[in-house]
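Asks: Under UniProt numbering, the first residue of the sequence shown carries the number 1, and numbering increases by one thereafter.
Glycine included, C-beta positions come from ideal geometry on N, C-alpha and C.
Bear in mind the structure is a predicted one, so any value in this text is a computation, not a measurement.
Pasting a structure here, questions to come.
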Amino acid sequence: MPRVVLLGSSPGTSTAFGQPTPPAALTLPALPGSPTVIGKLHGQIASLDPAPVTIVRSGEAAVHRGLPGRLVETANLADDLRAVADAVEDSTENLLILPANSLIHDELIYQITKSKRGALALITKEPREEDENGDFIVPNVPIDEALPEIGDRSLEGLPVRVRASKSRVISVGSAFHAVTRPNSVLLGPLHLHHKHAATLAEAARELADMAHLFGPEDDLVQLLVLGLVRRGVSVGIRGRRDLFFRRLNTPEEAAQAVAEMAGFDEDRARLNNAVKGADGFFTTYFVSTYSRFIARWAARRGLTPNQVTLISISLGVASAACFATGARPGMVAGAILIYFAFVFDCVDGQVARYARRFGVLGAWLDATFDRFKEYVVFAGLAVGAAVSGVGDVWTLALTAIALQSVKHLLDFSFGAANRRRPPAPLPSMPLSVSPDTELRAALEQRKIARSGGIRGLLKMWSKAGRNRTVYWARKMVVFPIGERFAAIALVSAFFDARITFITLIIWGGVATAYTLTGRLMRSLA
Numbered sequence: 001m002p003r004v005v006l007l008g009s010s011p012g013t014s015t016a017f018g019q020p021t022p023p024a025a026l027t028l029p030a031l032p033g034s035p036t037v038i039g040k041l042h043g044q045i046a047s048l049d050p051a052p053v054t055i056v057r058s059g060e061a062a063v064h065r066g067l068p069g070r071l072v073e074t075a076n077l078a079d080d081l082r083a084v085a086d087a088v089e090d091s092t093e094n095l096l097i098l099p100a101n102s103l104i105h106d107e108l109i110y111q112i113t114k115s116k117r118g119a120l121a122l123i124t125k126e127p128r129e130e131d132e133n134g135d136f137i138v139p140n141v142p143i144d145e146a147l148p149e150i151g152d153r154s155l156e157g158l159p160v161r162v163r164a165s166k167s168r169v170i171s172v173g174s175a176f177h178a179v180t181r182p183n184s185v186l187l188g189p190l191h192l193h194h195k196h197a198a199t200l201a202e203a204a205r206e207l208a209d210m211a212h213l214f215g216p217e218d219d220l221v222q223l224l225v226l227g228l229v230r231r232g233v234s235v236g237i238r239g240r241r242d243l244f245f246r247r248l249n250t251p252e253e254a255a256q257a258v259a260e261m262a263g264f265d266e267d268r269a270r271l272n273n274a275v276k277g278a279d280g281f282f283t284t285y286f287v288s289t290y291s292r293f294i295a296r297w298a299a300r301r302g303l304t305p306n307q308v309t310l311i312s313i314s315l316g317v318a319s320a321a322c323f324a325t326g327a328r329p330g331m332v333a334g335a336i337l338i339y340f341a342f343v344f345d346c347v348d349g350q351v352a353r354y355a356r357r358f359g360v361l362g363a364w365l366d367a368t369f370d371r372f373k374e375y376v377v378f379a380g381l382a383v384g385a386a387v388s389g390v391g392d393v394w395t396l397a398l399t400a401i402a403l404q405s406v407k408h409l410l411d412f413s414f415g416a417a418n419r420r421r422p423p424a425p426l427p428s429m430p431l432s433v434s435p436d437t438e439l440r441a442a443l444e445q446r447k448i449a450r451s452g453g454i455r456g457l458l459k460m461w462s463k464a465g466r467n468r469t470v471y472w473a474r475k476m477v478v479f480p481i482g483e484r485f486a487a488i489a490l491v492s493a494f495f496d497a498r499i500t501f502i503t504l505i506i507w508g509g510v511a512t513a514y515t516l517t518g519r520l521m522r523s524l525a
């Protein structure tokens with residue numbers, strides 16, 4: 001579970017705008033129980049960290065007294081930064097840093113804290129044309145005009161620049177630090193892996209010594225992200241998408257935000273997030289379009305992911321039994337059953353993500369019995385071929401199994417090797433330097449250095465993936481499990497076991513060659 005740090009000091013505080021009520025103390029009368037902003041937030045994070053650290057100016061500390069956790073009172077921005085450093089430097093857990101005046105969906109908190117990035121910030125940006133570097137092209141106009149989505153004043157003065165192709169922040173501004181062509185705005189939440197906690201603490205203390213250079217519009221989270229980026233930490237970006245986040249400063253903003261939040265279907269967003277975002281073509285368009293609703297139905301009736309896995313296994317075995325008859329009705333029935341075996345194979349993971357019921361046993365069962373279902377179906381097809389007089393196809397079946405095994409070996413071994421490889425370091429830059437031109441130049445040089453030879457070819461292939469046709473072709477050529485089960489179902493329903501195995505061998509051979517070539521090139525690069 002992450003350690004939560006709540007920040008009460010930001011441009012959204014009463015000291016910045018002269019509001020009689022501190023933002024965290026604003027009530028939300030439209031919500032059940034009329035909670036305060038900070039009361040609602042504490043309820044949301046209780047399962048993550050029952051004793052969060054709250055850093056707040058002394059004049060607003062009364063709002064936070066009596067709430068769970070440790071309260072740290074500060075007098076100014078320098079104190080805020082040093083308090084953050086003290087709170088995070090020895091952390092052995094990941095960190096979630098949130099403004100105390102946040103109104104946010106539970107699902108968005110969950111998605112941020114489950115990120116596998118070393119650092120992740122919530123960013124808003126306009127979809128717009130990209131230049132040849134993968135950067136968004138922004139007209140030469142003030143930030144509030146370039147980004148009309150951020151009209152509320154709690155977001156003014158927080159410009160950042162992101163590189164869309166790398167999904168990371170490359171520059172952050174402040175009253176002292178300039179940003180070349182800002183194209184986005186930092187919203188507030190920051191999630192950080194504990195391995196970067198010491199770096200954040202060191203940067204926060206250095207920024208505290210520079211506090212006299214910052215203005216009243218400078219935001220504490222923004223400065224923390226600035227420190228991370230200037231220290232060479234890769235800070236990933238995440239948008240709100242179909243979920244809600246807003247920092248509240250006035251009663252009017254609170255009322256408006258609650259009304260806007262009611263227009264979001266959080267359960268639908270949670271259901272959509274239960275579907276893997278990088279699935280293959282067949283899974284995306286012929287399974288996940290409706291399997292998510294089966295997953296929700298199953299989760300609401302108390303079915304566990306393991307129980308759904310057993311349903312999938314049973315359908316796979318029944319499919320193999322039908323194929324083993326060798327008769328045309330049996331082949332058609334087997335094709336239908338293997339399709340639904342795959343549907344429920346998708347449903348078990350979606351139930352786990354929707355209901356947030358994860359376990360080592362479930363993950364092991366899912367991975368193991370995916371192979372079991374596939375190979376028992378191969379056996380059923382081979383038996384059916386012998387029964388129907390098609391002939392002995394066991395050699396073809398074993399060849400298909402061997403190809404698939406080699407491909408899985410390539411995937412898993414390459415993944416294990418990649419996990420052991422340290423990430424390439426990003427350029428860093430002193431916090432005492434105002435313009436970001438040196439940092440931008442270092443990033444550009446790094447890109448040029450990585451654009452030649454094999455790396456250049458891989459980059460070109462990666463850019464080609466922006467084309468939707470190429471993207472799906474790349475997904476299909478590797479012959480993922482959805483495409484394999486679809487091929488078995490379609491070919492066996494219309495032809496015999498021999499043609500089915502030949503199809504699997506040809507496509508599997510292409511997939512193995514493509515995978516091996518890609519793994520070799522990436523290893524050499």
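1) Between Ser523 and Thr517, what straight-line distance do the alpha-carbon atoms span, to the nearest angstrom?
2) Give the DSSP bridge partners of Gly236, in chain order.
3) Would you report the Cα separation of Ile123 and Gly316, rounded to the nearest angstrom?
4) What do you get for Thr250, buried or exposed, if any count of 16 or more other CB atoms within 10 angstroms of its CB means buried?
5) Buried or exposed for Asn76, please, with buried defined as at least 16 other CB atoms from any protein chain shown within 10 angstroms of its CB.
6) Look at Phe323 and Gly384 and say whether their C-beta atoms are less than 8 Å apart.
7) For my contact list, Ala321 and Gly380 are in at a C-beta cut-off of 8 Å; report their separation, rounded to the angstrom.
8) Within 10 Å of its beta-carbon, does Gly277 have 16 or more other beta-carbons around it, so buried, or fewer, so exposed?
9) At a cut of 8 Å, does the segment 200-211 reach the segment 254-272 through at least three beta carbon pairs?
10) So the beta strand (DSSP E) Glu73 belongs to, where does it begin and stop?
11) My guess is that Val169 and Val225 are in contact by the Cβ rule of under 8 Å, so how many angstroms apart are they, rounded?
12) Taking the DSSP output, what are the residues bridged to Leu7?
13) Less than 8 Å between the beta carbons of Ser291 and Asp279, yes or no?
14) Which residue's Cα is closest to the Cα of Met210: Val360, Leu443, Ala78?
15) Which word fits Arg246, buried or exposed, when buried means at least 16 other C-beta atoms lie within 10 angstroms of its C-beta?
16) Let me know the secondary structure DSSP gives Pro189 once reduced to three states.
17) Go to Arg246, then tell me how far its beta strand (DSSP E) extends in each direction, as first and last residue.
18) Going by DSSP, what residues sit across from Thr27 in a beta bridge?
19) Would you mind stating whether Pro23 and Leu248 have Cβ atoms separated by less than 8 Å?
20) Does Val393 come out as helix, strand or coil in the three-state DSSP assignment?
21) Using DSSP's beta-bridge definition, name the partner residues of Val160.
22) Given Ala367, which residues of its chain have a CB within under 7 Å of its CB, disregarding the five upstream and five downstream residues?
23) Report the rounded CA-to-CA distance for Leu81 versus Ala363, giving the unit in angstroms.
24) Tell me the residue span of the alpha helix (DSSP H) that contains Gly349.
Replies: In terms of the structure at hand:
1) 10 Å
2) Leu120, Arg168
3) 44 Å
4) buried
5) exposed
6) yes
7) 6 Å
8) exposed
9) no
10) 70-74
11) 6 Å
12) Ile55, Pro99
13) no
14) Ala78
15) buried
16) strand
17) 245-247
18) Thr36
19) yes
20) coil
21) Val172, Ser184
22) none
23) 41 Å
24) 328-355
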